[in-house]
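Chains A and B are the protein sequences, given in the same order. Heads up, my numbering is the position in the first sequence plus 5, with the first residue counted as 1. Heads up, my numbering is the position in the second sequence plus 169, with the first residue counted as 1.
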Amino acid sequence: MAEGSRLYFAVTVLMCAFVSINGVGLNDLLERASQLSDKLHSLSTSLTNDLDSHFPPLGRVMMPRPSMCHTSSLQIPNDKDQALKVPEDELLSLARSLLLAWSDPLTLLSSEASSLAHPERNSINSKTKELQDNINSLGAGLEHVVHKMGSSSDNLSSLPFPISTLGQDKTSRLVNFHFLLSCFRRDSHKIDSFLKVLRCRAAKRPEMC
Amino acid sequence: MRRDAEQALTLMWLLSWIPHTMCHSPPGRPRLTKCRSPEKETFTCWWEPGSTGGLPTSYHLYYRKESSVEVFECPDYHKAGDNSCYFDKRHTSIWIIYNITVVASNTLGKAYSESVEVDVMDIVQPHPPENVNVTLMQTKNTPYFLVQWQAPHDADTRSGWVTIKYEVRLKTENSGDWESYGAGKQLEFSIYSPQPGAKYVVQVRCKLDQGLWSEWSPSAFIQIPDTMSDTQNAVMILAVTLTVIIFLLTAGVLTVKMKPVKDFLLPPVPEPKIRGIDTQLLKSGKSEDIFSALVTLGYPQIAQSPDRQVEYLVVSDYDEETEFDSKALLEYQKGKNGPAETAQNSIQITWNSGQGLKTHPGTVSKQLSSTISVLEDLQQRLHLDANGSPLKAQDQNNQMISESKCEHVSITPGGFTGYVEVDEKKRDQKPQVGEDYSMVSDINSDNILVLQESIPVQGHKEVKCDKTSGAEETGDVIEPLGYMETVTTFSSGS
Numbered sequence: 006m007a008e009g010s011r012l013y014f015a016v017t018v019l020m021c022a023f024v025s026i027n028g029v030g031l032n033d034l035l036e037r038a039s040q041l042s043d044k045l046h047s048l049s050t051s052l053t054n055d056l057d058s059h060f061p062p063l064g065r066v067m068m069p070r071p072s073m074c075h076t077s078s079l080q081i082p083n084d085k086d087q088a089l090k091v092p093e094d095e096l097l098s099l100a101r102s103l104l105l106a107w108s109d110p111l112t113l114l115s116s117e118a119s120s121l122a123h124p125e126r127n128s129i130n131s132k133t134k135e136l137q138d139n140i141n142s143l144g145a146g147l148e149h150v151v152h153k154m155g156s157s158s159d160n161l162s163s164l165p166f167p168i169s170t171l172g173q174d175k176t177s178r179l180v181n182f183h184f185l186l187s188c189f190r191r192d193s194h195k196i197d198s199f200l201k202v203l204r205c206r207a208a209k210r211p212e213m214c
Numbered sequence: 170m171r172r173d174a175e176q177a178l179t180l181m182w183l184l185s186w187i188p189h190t191m192c193h194s195p196p197g198r199p200r201l202t203k204c205r206s207p208e209k210e211t212f213t214c215w216w217e218p219g220s221t222g223g224l225p226t227s228y229h230l231y232y233r234k235e236s237s238v239e240v241f242e243c244p245d246y247h248k249a250g251d252n253s254c255y256f257d258k259r260h261t262s263i264w265i266i267y268n269i270t271v272v273a274s275n276t277l278g279k280a281y282s283e284s285v286e287v288d289v290m291d292i293v294q295p296h297p298p299e300n301v302n303v304t305l306m307q308t309k310n311t312p313y314f315l316v317q318w319q320a321p322h323d324a325d326t327r328s329g330w331v332t333i334k335y336e337v338r339l340k341t342e343n344s345g346d347w348e349s350y351g352a353g354k355q356l357e358f359s360i361y362s363p364q365p366g367a368k369y370v371v372q373v374r375c376k377l378d379q380g381l382w383s384e385w386s387p388s389a390f391i392q393i394p395d396t397m398s399d400t401q402n403a404v405m406i407l408a409v410t411l412t413v414i415i416f417l418l419t420a421g422v423l424t425v426k427m428k429p430v431k432d433f434l435l436p437p438v439p440e441p442k443i444r445g446i447d448t449q450l451l452k453s454g455k456s457e458d459i460f461s462a463l464v465t466l467g468y469p470q471i472a473q474s475p476d477r478q479v480e481y482l483v484v485s486d487y488d489e490e491t492e493f494d495s496k497a498l499l500e501y502q503k504g505k506n507g508p509a510e511t512a513q514n515s516i517q518i519t520w521n522s523g524q525g526l527k528t529h530p531g532t533v534s535k536q537l538s539s540t541i542s543v544l545e546d547l548q549q550r551l552h553l554d555a556n557g558s559p560l561k562a563q564d565q566n567n568q569m570i571s572e573s574k575c576e577h578v579s580i581t582p583g584g585f586t587g588y589v590e591v592d593e594k595k596r597d598q599k600p601q602v603g604e605d606y607s608m609v610s611d612i613n614s615d616n617i618l619v620l621q622e623s624i625p626v627q628g629h630k631e632v633k634c635d636k637t638s639g640a641e642e643t644g645d646v647i648e649p650l651g652y653m654e655t656v657t658t659f660s661s662g663s
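Set out below in structure tokens:
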């Protein structure tokens with residue numbers, strides 16, 4: 006009786022060790038990653054809404070073109086057919102490159118959010134911080150996915166962000182904040198779409214999708 | 170005069186024609202009302218025409234993509250109906266801004282609408298879910314109804330390009346408020362505990378990722394029947410309640426009227442009985458009888474305090490030269506419970522060697538002081554003088570003491586019986602480490618334990634008292650050895 010229970014215990018310990026070494030399955034990792042990216046996009050949308058609620062009309066006319074976003078040089082699929090043709094490794098590296106490209110700008114946004122000339126400043130500040138945390142979690146999660154999928158982690162595109170300040174006066178700071186946020190919102194949608202395609206494809210789980 | 174009138178009439182006639190020609194004008198500005206993409210792969214834009222200016226007006230939609238200057242015209246004006254433009258898959262790109270303008274033109278001129286910038290990702294709104302139906306599921310205990318639907322046919326969820334989410338809402342036909350429930354990705358939803366006899370209206374809608382909610386689907390209706398089981402339940406409950414009431418009434422009536430029934434239902438509470446006491450006697454009230462009755466057999470005796478109880482102080486000691494592991498006992502017998510003779514006062518102080526025993530310095534000093542106090546007491550009783558020679562006043566002592574100049578100190582190392590008893594007051598010392606209860610060979614009374622030493626007998630020795638007083642002697646003897654153990658009380662209490 007004691008032998009049987011001891012054996013059972015040993016098997017359980019081994020299984021736990023195995024799981025902890027191997028970690029969570031790819032399916033679950035991608036599921037979790039896509040949940041995070043979904044959250045990321047919804048946060049950026051709500052942040053944009055907060056900004057728009059009191060945005061001075063002047064700023065709209067002066068808004069810079071989205072093609073001036075620092076990530077515009079990255080070649081991405083622009084419709085479903087193109088996206089479904091992209092191999093999984095490349096999709097993943099696109100998502101990760103985009104994510105990486107926003108870690109510095111978000112630091113800048115986060116530092117500027119507290120001194121923004123906007124009535125919704127507190128909400129904006131807290132959401133920006135949350136955004137930063139989210140990006141870090143997602144980045145870490147995607148690292149795991151990379152290891153799981155066995156793809157090389159070297160083919161990340163570098164998308165430098167040379168800007169160090171949002172501007173000198175209140176208005177230009179606000180305008181640039183808005184612009185950066187709109188660029189980010191778009192990129193977060195890209196990341197979300199790519200990861201969701203990846204989730205259905207690489208995980209090979211038709212019932213999930 | 171007549172000529173003026175003619176001219177006026179002609180003028181007036183001409184004037185009547187003017188409004189017709191003056192109504193024609195360039196068209197008013199059209200306005201783009203909305204653009205929607207139902208599946209993130211195509212999209213449609215609708216506009217609202219301005220005034221026509223009285224002339225046939227045609228509308229054209231032109232667009233420009235974000236990164237290029239080239240202007241294109243709408244690929245399909247008809248698929249989505251009037252005043253619309255449908256962009257098919259080939260012409261739809263996501264994450265790119267479209268700059269769209271509608272131009273209204275007629276023979277007299279053109280009118281440009283305001284430009285609208287559109288990104289497909291912002292305008293995603295699916296079609297409502299299809300084939301919504303409701304069925305009533307009649308399970309035994311919990312009837313519920315099941316709402317089922319299908320995804321809009323154009324949403325591609327299999328590839329993961331879109332992720333769909335549903336919401337169900339329902340209300341009874343007469344009430345005004347809808348109840349909404351999120352249904353996640355599933356294609357069915359159960360509503361429990363419906364109101365019997367009510368007619369429900371159910372609708373479903375869906376959303377793709379973070380996009381806009383679709384329109385509500387067409388309503389599905391369901392009528393919940395008035396179930397028989399409910400009325401049956403009510404009748405049964407009523408019958409049971411009536412029966413219970415009748416039963417209680419009968420029992421109450423019987424209880425009041427009939428004594429045997431009363432005894433059965435409400436048995437009398439037994440009175441307390443004390444043996445030897447007659448309640449009748451108490452009631453009668455004669456005091457002598459009562460008291461005599463109270464003082465009967467069986468009452469516990471009060472224990473006599475034993476004056477003659479032997480006080481045993483066992484103090485361990487032995488000679489330096491002798492290497493005994495054992496104990497020499499110094500016994501002081503006061504009472505009748507001496508080992509052999511009565512009225513024998515022998516002081517046996519047992520000294521323990523320090524070997525194998527750990528005594529704390531504190532306890533040693535305590536023991537020392539207590540032993541010393543006992544020995545002083547001894548000295549007092551024995552009327553020893555400073556030299557240790559006893560006075561002759563005590564008869565009891567003389568017999569023993571006359572044998573030697575000092576009190577009879579017999580050191581009987583090891584292997585003999587030691588009486589261990591100490592005054593209750595002095596039992597503040599716990600038995601030391603190394604004390605083991607296996608040495609107990611007998612128990613005489615509450616507080617006398619007879620120890621049996623297991624260590625071999627070394628013989629009986631008499632120590633010559635070179636020292637002065639008993640107390641001092643013991644004091645001296647105490648010091649070099651350093652350890653002293655009071656084999657203390659092993660009363661039953663410890």
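Where a beta carbon is used, it is the ideal one built from N, C-alpha and C, also for glycine. Because the structure is a prediction, the values reported are computed rather than measured.
{"Query": "Is there at least one Cβ from chain A nearer than 8 Å to T341 of chain B's Cβ?", "Result": "no"}
{"Query": "Look up E357 of chain B in the DSSP assignment and say whether it is helix, strand or coil.", "Result": "strand"}
{"Query": "At a CB-CB cut-off below 8 Å, which residues of chain B make contact with C205 of chain A?", "Result": "R327, S328, G329"}
{"Query": "Please identify the residue among A:L105, A:C21, A:L114, A:M154 whose C-alpha is closest to the C-alpha of S142 of chain A.", "Result": "A:L105"}
{"Query": "Look at F182 of chain A and L114 of chain A and say whether their C-beta atoms are less than 8 Å apart.", "Result": "yes"}
{"Query": "With 16 other CB atoms within 10 Å as the buried threshold, where does R11 of chain A fall?", "Result": "exposed"}
{"Query": "Any Cβ of chain B within less than 8 Å of the Cβ of K90 of chain A?", "Result": "no"}
{"Query": "Give, in chain order, every residue of the segment 374-397 of chain B whose Cβ lies closer than 8 Å to some Cβ of chain A.", "Result": "D378, Q379"}
{"Query": "Any C-beta of chain B sitting closer than 8 Å to the C-beta of N83 of chain A?", "Result": "yes"}
{"Query": "Can you tell me where the beta strand (DSSP E) holding V303 of chain B begins and where it ends?", "Result": "299-306"}
{"Query": "Which residue wins for smallest C-alpha separation from N300 of chain B, given the options B:Q317, B:Y232, B:D291?", "Result": "B:Q317"}
{"Query": "From the DSSP output, in three-state form, read off S579 of chain B for me.", "Result": "Low per-residue confidence applies at S579 of chain B: pLDDT is 43, beneath 50, and the placement is therefore not dependable enough to give any value."}
{"Query": "For the segment 229-258 of chain B, which residues have a beta carbon sitting closer than 8 Å to at least one beta carbon of chain A?", "Result": "E235, S236, K258"}
{"Query": "Would you say W347 of chain B lies against chain A (beta-carbon separation less than 8 Å)?", "Result": "no"}
{"Query": "Any beta carbon of chain A sitting closer than 8 Å to that of W318 of chain B?", "Result": "no"}
{"Query": "Look at the Cβ atom of K309 of chain B, then the Cβ atom of I333 of chain B, and state whether they are nearer than 8 Å.", "Result": "no"}
{"Query": "Under DSSP, the beta strand (DSSP E) around N275 of chain B begins and ends at which residues?", "Result": "266-275"}
{"Query": "Do W107 of chain A and D43 of chain A come within 8 Å of each other at the CB atom, strictly closer than that value?", "Result": "no"}
{"Query": "Count the other C-beta atoms from every protein chain shown that fall within 10 angstroms of the C-beta of T304 of chain B, then say buried if there are 16 or more, exposed otherwise.", "Result": "exposed"}
{"Query": "Whole-angstrom Cβ separation of S383 of chain B and H296 of chain B, contact assumed at under 8 Å?", "Result": "6 Å"}
{"Query": "Note down the Cα distance separating H229 of chain B from P244 of chain B, rounded to an integer number of angstroms.", "Result": "11 Å"}
{"Query": "Taking E336 of chain B as part of the beta strand (DSSP E), name the residues at either end of that continuous run.", "Result": "333-341"}
{"Query": "Please state whether DSSP places V673 of chain B in a helix, a strand or coil.", "Result": "Lying outside 170 to 663, the shown extent of chain B, residue 673 of chain B is not represented and no answer is given."}
{"Query": "Can you check whether the C-beta of I269 of chain B is within less than 8 Å of a C-beta belonging to chain A?", "Result": "no"}
{"Query": "From the DSSP output, in three-state form, read off H229 of chain B for me.", "Result": "strand"}
{"Query": "Are three or more beta carbon pairs between the segment 220-237 of chain B and the segment 256-270 of chain B nearer than 8 Å?", "Result": "yes"}
{"Query": "If S253 of chain B and W215 of chain B are in contact, beta carbons under 8 Å, what's the gap, nearest whole angstrom?", "Result": "5 Å"}
{"Query": "Have a look at T170 of chain A and T50 of chain A and give me their C-alpha separation to the nearest angstrom.", "Result": "23 Å"}
{"Query": "If you drop the 5 nearest sequence neighbours on each side, which residues of the same chain put their C-beta closer than 7 Å to that of K134 of chain A?", "Result": "S115"}
{"Query": "So, helix, strand or coil for V18 of chain A, using DSSP?", "Result": "helix"}
{"Query": "May I ask you to list, following chain order, the residues of the segment 273-289 of chain B that have a beta carbon less than 8 Å from some beta carbon of chain A?", "Result": "D288"}
{"Query": "Tell me the residue span of the beta strand (DSSP E) that contains A249 of chain B.", "Result": "Per DSSP, A249 of chain B belongs to no beta strand (DSSP E) and is neither H nor E."}
{"Query": "Classify C21 of chain A as buried or exposed, calling it buried when 16 or more other Cβ atoms lie within 10 Å of its own Cβ.", "Result": "exposed"}
{"Query": "Go through its chain and collect everything with a Cβ distance to E336 of chain B's Cβ below 8 Å, but skip five positions before and after it.", "Result": "S349, Y350, G351, A352, V373, R374, C375, K376, W382"}
{"Query": "Would you give the residue range spanned by the beta strand (DSSP E) that C204 of chain B belongs to?", "Result": "200-205"}
{"Query": "In the structure shown, what three-state DSSP assignment does C188 of chain A receive?", "Result": "helix"}
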